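S.K.: First the structure, then my questions, so here it is.
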Amino acid sequence: GLIREYKGLDILLNSIPKIKQELDEFIVIIAGECYEKTEKYYAIIRNLKIQDSVDMRLKFISDNEVSEYFSAADVVALPYRTATQSGITQIAYNFNRPVIVSDVGGLAEIVPNGKTGYVVKPDSNEFANAIMKFFKEDKFKEFSENVRNHKKLFSWEIFVDNLMELASE
């Protein structure tokens, strides 16, 4: 995807020091093309001394590479400041990955809180707490299974069934 200010990368970066206090080993992979100056993100990383916890891949991600990134993730974090929806959520679901999203726009509608991920305020502490909870409570298997089941609601079969039901009313 594209890295833009409204997607809240700084929120995620600022959550990392708190996470590091609780979790031993983790890497945050940030992947995508950046259409703004990247120096502000690198400055945050340097100032917070979190270089060892961040893997920046600021480049165009081809369709062939998408599976590599999502398969490497235990959870996908989307700390958006504003949004209507996010295609990244659906891609994460395609790979059965839980998602932690900001409670903005329609994101909470696609991520049942505590089932397929967490819905939190677009705030560094909130994201840190949700990420720590995910790992401390070992939610990967449970949430991934819930994603597997939840994404069926978005299948063409369900869509057509709902459309036919609506048409018959």
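Residue numbering for the sequence shown follows this note's numbering, beginning at 94 and increasing consecutively.
Just so it is clear, CB atoms sit at the ideal spot from N, CA and C, and this is done for glycine as well.
Since the model is a prediction, treat every value here as computed from it, not as a measurement.
1) State buried or exposed for glutamate 98, treating a residue as buried only when at least 16 other CB atoms are found within 10 Å of its CB.
2) For aspartate 156, report the span of its alpha helix (DSSP H) as first-last.
3) Would you call the stretch 232-241 in contact with the stretch 201-210, where contact means no fewer than 3 C-beta pairs closer than 8 Å?
4) Excluding five sequence neighbours on each side, which residues of the same chain lie with their C-beta closer than 6 Å to the C-beta of cysteine 127?
5) What is the C-beta distance between proline 172 and serine 195, in whole angstroms, given that I count them as a contact (C-beta under 8 Å)?
6) Helix, strand or coil for tyrosine 211? Go by DSSP, reduced to three states.
7) In chain order, which continuous runs of the alpha helix (DSSP H) of length 4 or greater are located wholly inside the stretch 194-240?
8) DSSP three-state label for arginine 150, please.
9) Of all the options Asn187, Asn189, Gln183 and Arg190, which has the alpha carbon lying nearest to the alpha carbon of glycine 199?
10) Is it true that the stretch 107-123 meets the stretch 217-226, where meeting means three or more beta-carbon pairs spaced less than 8 Å apart?
11) Valine 192: which of Ile224, Thr177 and Ile154 sits nearest, CA to CA?
12) Residue range of the beta strand (DSSP E) that alanine 170 falls in?
13) So alanine 124 packs on isoleucine 154, CB below 8 Å; how close in whole Å?
14) So, are the CB atoms of valine 159 and arginine 174 less than 8 Å apart?
M.R.: Result, derived from the coordinates:
1) Classification of glutamate 98: exposed, given that the 10 Å Cβ count is below 16.
2) Its alpha helix (DSSP H) spans residues 156-165.
3) yes
4) Ile96 and Leu151
5) Separation of the CB atoms of proline 172 and serine 195 is rounded to 6 Å, and the pair is thereby assigned contact status at 8 Å.
6) In this structure, tyrosine 211 counts as strand in the three-state DSSP scheme.
7) Positions of the alpha helix (DSSP H) runs, each at least 4 residues long and wholly inside the stretch 194-240, are given as 200-203 and 217-229 in order along the chain.
8) strand
9) Gln183
10) Yes, the stretch 107-123 is in contact with the stretch 217-226.
11) Ile224
12) Boundaries of the beta strand (DSSP E) around alanine 170: 169-171.
13) 6 Å
14) no
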